[in-house]
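Notes for the one structure printed next.
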Amino acid sequence: MLFQTCFRLDSQYLVSFYIIKLVPTTQEITNCQMFLQQISLSQKGLSVLILKHFLSIQRVIVMLENVNPLWSSHFVQDECVLEPEIYVRELQPLTKDNAYYCVLYNDEHHSYDHVIYTLQRSVNCDQAEAQTHTALIDKEGRRAVKRGTLRSCQQARDLIRSNSEHISLQPLRVEILHAAVMAHQTFVLRLGPWFQKIISYSVGFRQAFCQVALETTADGDQPCLISRLMLHDARMYKGARKIVHELIFCSMLMETEFKRLFAIQFTKYYKQLQKDFIIDDHERSISITALSVQIFTVPTLARQLIEEGNVIKVIVGTVMELLREHLDNNNRFFFLGYNSDKFSRIQIIFHDLRYILISKPSVWTEELQREFLEGFRDFLGLLKCMQGMEEVKRQFGQHIAVEPEWEAGFSLQIQLRHILAMFQDWCSSNDEILLLAFEECHKVLMQCNNQPFHREATNYHMLKHVLHIRPYKVSQEPVSIHLPISRLLAGLYVIMCRTRAVERLDNPERFDHTLLAEHPLRCVVLAAQVSAEMWRRNGISLVSQVYYYQDVKCRDEMYDKDIVMLQIAASKMDPNHFLMLVLLRFELFDYFKGSINKDQDELIQWNRLTEEMLYLLIVVIGERYVPGISQVTKEDVTMREVIHLLCIEPMAHSSLVKGLTENESHETGLESVITKVATFKKPGVSGHGLYGVKKERLVEFNPFFYHYSRSQHSKAEESQKKRRTHEGHDKALRPPMPPAFCPAFSSIVRLLSCDIIVHILRHTLQRAAEDRATHWTEAMIQRALHLIGQALLEEKTQLEDSTMEEVAFDFSLKARRIGSEHGKSVFLLLSKIKAVPSLEAQKDMVKWVLQFLVRLCFLPFLNVVSYIVLRSFNVLSLFQSAQDKEKAERKRKADAAKLHRQKIMAQMSAMQKNFIESNKLLYDNMPESGTQGEPVATTAR
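First residue of the sequence shown? That's 166 in my numbering, and the numbers climb one at a time after it.
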């Protein structure tokens, strides 16, 4: 039946409107088709009008705020056109009133105190009333703060704007609305909750509503009603938005099929919705764009959107269009003078890309493969604009005048960190996709022109080895810390090695590994030079960039991937050429060829750079805890991280979590490994419980763990030396036994036995042996000793696993022979530096290395001798055993014979005594002695 209801806006104004309510008599309303057939044509038209009237809430609000109160305009509703007289008749208030309202809207620029102060000065209200107005504005999005004539409302508006301008850079948003406009807006907003109840009564009615909302026009030019509602979301205030979002939640998102259709419409207009959100001043939680989490996090729906709408391409394209204003002439991002608020809103879009990639597919259809690769290419286009962005060049002479912007670039990197990992994870699930993605990534990398060479290639000679390469000096030419494509390529290559897809790579010889390693090596050298304080005049911004480059927030997709790319190059290049390249980029090539500059500042820089260069070699050779580089799991990687954190000092659970990297689900994996590597000490009366590393896990400690900061390295070293002293051991911190490389990376160990590494070690040790204070540092020697220890461990492992003829690793031989004629072999130099007073702290380590080297030199021969001795010992043992048995048998027989004789003699003695006792009288009558003084009778002997 049809009834009329009235809502009172205030004491002087009434709004009347019509609502249809159908009371079924025979069955529940379950199907919209049946419902529409049961009512008359007039009732049908009115119900559709109400539905479309609500769906067009934004048009009512936008339109009525700009029309004449006499309602002289047409009101277009999709295919229906309400003529003015019809509109007036249906929606005209019962009583005419020419009142106006001064309406104040919510924004995110002014605080509570600002708004309260402005209201008190503008509309003559007390503090309590101003607080009430402010609270309701914040909650509902707007509030009528004054009612009166048009002139009085205009005066209030002008006062509000002028008073708020003195407080903030922009005035409060305030508008004057006719009372009729306010009434109809209130009517539409109250219609929303009522309509939500109506569609909750029946699945059929909800489906009918969804059909009407998603129905396209006949010509297809106009968006459907729900799309128009979304597109006008940014024009509505907070209260209206909430009602619209709730309606979508309880209708579109409740039905699987309609959710899919709604997701398609959402994706179709995604770019425009995000543009509106960027210029909107409301938070994302009350924006229509926040519905993306309800859509994109459903795995099946996300894959359908990739297949049907290529949502990856849509999202990346949206980001690119919004960031296009920040591209420089080289088509790279440059964020000088960027708007931080706008930029932070753009970064939120990356959350949607994470939602789409949150679950990798187990089955790849042809459409999914094609659309994913197309989206991946667009993503590479975004990374191409980041590759080499925000170059820096070393300042000479004077300090930099203005600190450059760097936060935006790293914020972008942090947002992309998990997305890069998720793209790699998707590629790992299909070998074909993995190979194609690697090829695409390599192709785009070759197209990048960041920090190009400016000089022709030349030959560099060292120890009869020649490297043909173009010169480049990090300290003199531009360099960038942003290399996302190079790092993505390194990650994809490691995955190919793990899945063995690398064996299917076409023509792998075509890859120039020297060129692939160039930019990551420059980045590592930049960090080393900053550490050596060569870039002091570039200000704190560069120091901050290097800090975050190696920090837990960014390192997994920055520093760690640069190390991986260097390991890839080291496994493919000639080891001598690789080390020559490292020396050139560290600008130490001439230094290790014997050129010495007497300038003290340069000597200090060379020493610091030598420390960093040796440290890099330790890392490239020794850091193997990456799945694909060695046979380790993610759990092994996490355990090693926890062990090294606890080797610094016992830590609380929260401290451990902060020191570990998080995955896309914000998990560190700590809970699954902590009991395997640590023991928990309960808190005492005060404080908190701490974890301590288990004693059996201390053998895995590496003093040059590549995730240690400089301070952490010092603390861990001091802590472990104290522990060893307390336990009665020496202070030598030996390199741990690393896991074996996978076949694709096994040739990295050649670095430890090549000619150049022996030359580097000899040169470093010789500086210490000469004991000239400015030519060496203790840190250099400590790193050199660690490298020698790594080489000896590798040689020992190979000798134990193979026969002597099969082992080509000959570091110990070169350490003894090369330079021995001049007393400058590694072995002899180690013997000399034992007596250097300045190296007292490294005395135990030198002693251990020398002992290990001596033992290793004789290991092949000792193995043979040990075998012969062992065999001889076994034969001798058998012979000795036989002899012992025979001797024991003889002894047993001799003891038995002796016992038998003793029994006979005892019996004879007893018989003799009995005889004497029996013949005592006869013995008494006999003479006492004979003629010769001998007794007449003798006893038996």
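Glycine is no exception: its CB is placed at the ideal position from the N, C-alpha and C atoms.
Nothing here was measured: the structure is a model prediction, and the numbers come from that model.
| If you run the structure through DSSP and keep just helix, strand and coil, what is Asn196? | Residue confidence is low: Asn196 scores 48 on pLDDT, short of 50, so the model does not pin down where it sits. Its coordinate-derived value is still stated next. Of the three classes helix, strand and coil, the one that applies to Asn196 here is coil, per DSSP.
| said: Which same chain residues end up closer than 8 Å to Leu599 when comparing Cβ atoms and leaving out the 5 residues on each side of it in sequence? | reply: Excluding sequence neighbours, Leu599 sits near Cys592, Ser593, Leu657, Ile660, Met661, Thr664, Ala666.
| request: Give the straight-line distance between the Cα atoms of Ser457 and Ala573, rounded to the nearest whole angstrom. | output: Looking at the two C-alpha atoms, the distance is approximately 24 Å.
| field | Residues of its chain near Ile565, where Cβ-Cβ distance is below 7 Å and the 5 sequence neighbours each way are ignored | value | If we look at Ile565 and ignore the five residues flanking it on each side, its Cβ neighbours are Arg702, Asn703, Gly704.
| Is the number of C-beta pairs between the stretch 694 to 701 and the stretch 627 to 634 that are closer than 8 Å three or more? | With a cut-off of 8 Å, the stretch 627 to 634 and the stretch 694 to 701 do not count as touching, because too few Cβ pairs lie within range.
| Which value, in whole angstroms, describes the spacing of the CA atoms of Ile913 and Pro904? | Computed Cα separation, rounded: 13 Å.
| task | Determine the burial state of Tyr1032: buried for a count of at least 16 other Cβ atoms within 10 Å of its Cβ, exposed for fewer. | result | Residue placement at Tyr1032 is flagged as unreliable, the pLDDT there being 40, under the threshold of 50; the coordinate-derived value follows with that caveat. Exposed is the call here.
| field | Uninterrupted beta strand (DSSP E) stretches inside the stretch 326 to 387 (no shorter than 3 residues) | value | Whole beta strand (DSSP E) segments, 3+ residues: 339 to 343.
| task | Would you mind reading off the limits of the beta strand (DSSP E) that contains Gly846? | result | According to the sequence as given, residue 846 is Lys; it is not Gly. From DSSP, the beta strand (DSSP E) with Lys846 extends over 843 to 846.
| said: If you measure between the beta carbons of Met730 and Pro685, is that distance less than 8 Å? | reply: Pairing Met730 with Pro685 gives a Cβ-Cβ distance under 8 Å.
| Within 10 angstroms of its Cβ, does Tyr871 collect 16 or more other Cβ (buried), or is it exposed? | Around the C-beta of Tyr871, 16 or more other C-beta atoms lie within 10 Å, and the residue is accordingly described as buried.
| task | Could you check how far apart the C-beta atoms of His951 and Phe869 are, in whole angstroms? I think they sit under 8 Å. | result | Yes, they are in contact, since the Cβ atoms of His951 and Phe869 sit about 6 Å apart, within 8 Å.
| In chain order, which continuous runs of the alpha helix (DSSP H) of length 4 or greater are located wholly inside the stretch 916 to 992? | With a minimum length of 4 residues, the continuous alpha helix (DSSP H) runs that stay inside the stretch 916 to 992 are 920 to 935, 943 to 966, 976 to 982.
| message | Does the stretch 343 to 363 come into contact with the stretch 279 to 287, if we say contact requires no fewer than three beta-carbon pairs (one atom in each stretch) closer than 8 Å? | response | Flag = no, the stretch 343 to 363 and the stretch 279 to 287 do not touch.
| task | Mind reading off the beta-carbon distance from Arg1111 to Tyr780? Whole number of angstroms is fine, and I expect it under 8 Å. | result | Since the displayed the chain opens at 166 and closes at 1106, residue 1111 lies outside it and no answer follows.
| Reduced DSSP secondary structure (H/G/I, E/B, other) of Tyr713 | In the structure shown, Tyr713 sits in a helix (DSSP, three-state: H, G or I).
| field | Selected residue, minimal CA-CA separation from Glu668, among Ala1006, Arg652, Asp596 | value | Of the listed residues, the one whose Cα sits closest to Glu668 is Asp596.
| task | Give every residue of the same chain whose Cβ lies closer than 7 Å to the Cβ of Gln770, excluding the five residues on either side of it in the sequence, and list them in chain order. | result | For Gln770, where only same-chain residues beyond five positions count, the Cβ hits under 7 Å are Ala697, Met699.
| field | Distance between Val644 and Gln616 (C-alpha atoms, nearest Å) | value | Their backbone Cα atoms lie some 6 Å apart in a straight line.
| Pick from Ser392, Thr679, Cys907: whose alpha carbon is nearest that of Lys737? | Of the listed residues, the one whose Cα sits closest to Lys737 is Thr679.
| If you scan the stretch 850 to 910 from start to end, which runs of the beta strand (DSSP E) of 3 or more residues do you find wholly inside it? | Within the stretch 850 to 910, the complete beta strand (DSSP E) runs of at least 3 residues are 855 to 858.
| query | Beta carbon of Val807, beta carbon of Val785: below 8 Å? | reply | For the 8 Å CB-CB criterion, Val807 and Val785 do not form a contact.
| So, is Gln376 buried or exposed, given that buried needs 16 or more other C-beta atoms within 10 angstroms? | With fewer than 16 other Cβ atoms within 10 Å, it is exposed.
| said: Output needed for Ala467: all residues of its chain with C-beta closer than 6 Å, excluding positions within five of it in sequence on either side, in chain order. | reply: If we look at Ala467 and ignore the five residues flanking it on each side, its Cβ neighbours are Phe461, Ile521.
| field | Backbone secondary structure at His397 - three-state DSSP | value | Here His397 sits in coil by DSSP.
| task | Would you tell me roughly how many angstroms separate the C-alpha atoms of Pro792 and Gln459, rounded to the nearest one? | result | Straight-line Cα distance between these residues: approximately 34 Å.
| message | Quick check: the Cα distance between Met417 and Asp725, rounded to an integer number of angstroms? | response | Rounded to whole angstroms, Met417 and Asp725 show a C-alpha spacing of 44 Å.
| query | Given Ser706, which residues of its chain have a CB within under 7 Å of its CB, disregarding the five upstream and five downstream residues? | reply | So the qualifying residues of the chain are Glu568, Pro569, Trp571.
| Cβ of Glu1119 within 8 Å of Cβ of Ile728? | This structure does not reach residue 1119, given that the chain is present from 166 up to 1106, and the question cannot be answered.
| said: Using a Cβ-Cβ cutoff of less than 6 Å, which residues in the same chain neighbour Ile953 once the five nearest sequence positions on both sides are dropped? | reply: The residues are Val1014.
| request: Count the CB pairs spanning the stretch 386 to 403 and the stretch 424 to 439 that are closer than 8 Å, and state whether there are at least three. | output: Yes: at least three Cβ pairs fall under 8 Å.
| task | Within its chain, find whatever has a CB closer than 6 Å to the CB of Phe1044; leave out the 5 residues flanking it on each side and keep chain order. | result | Legend: pLDDT at Phe1044 = 41, less than 50; position of this residue unreliable, value from coordinates given subsequently. None.
| task | Quick one: give me the first and last residue of the beta strand (DSSP E) that Cys267 is part of. | result | Here the beta strand (DSSP E) through Cys267 covers 265 to 270.
| request: Could you pull out every residue in the same chain whose Cβ sits closer than 7 Å to the Cβ of Asn475, ignoring the five residues on either side in sequence? | output: The residues are Glu536, Glu539, Gly540.
| said: Using a Cβ-Cβ cutoff of less than 8 Å, which residues in the same chain neighbour Val822 once the five nearest sequence positions on both sides are dropped? | reply: Correct list, in chain order: Thr833, Leu835.
| request: Could you check which residue in Gly988, His279, Gln710, Asp517 has the C-alpha nearest to that of Arg326? | output: Check the Cα spacing between Arg326 and each of Gly988, His279, Gln710, Asp517: the tightest is with His279.
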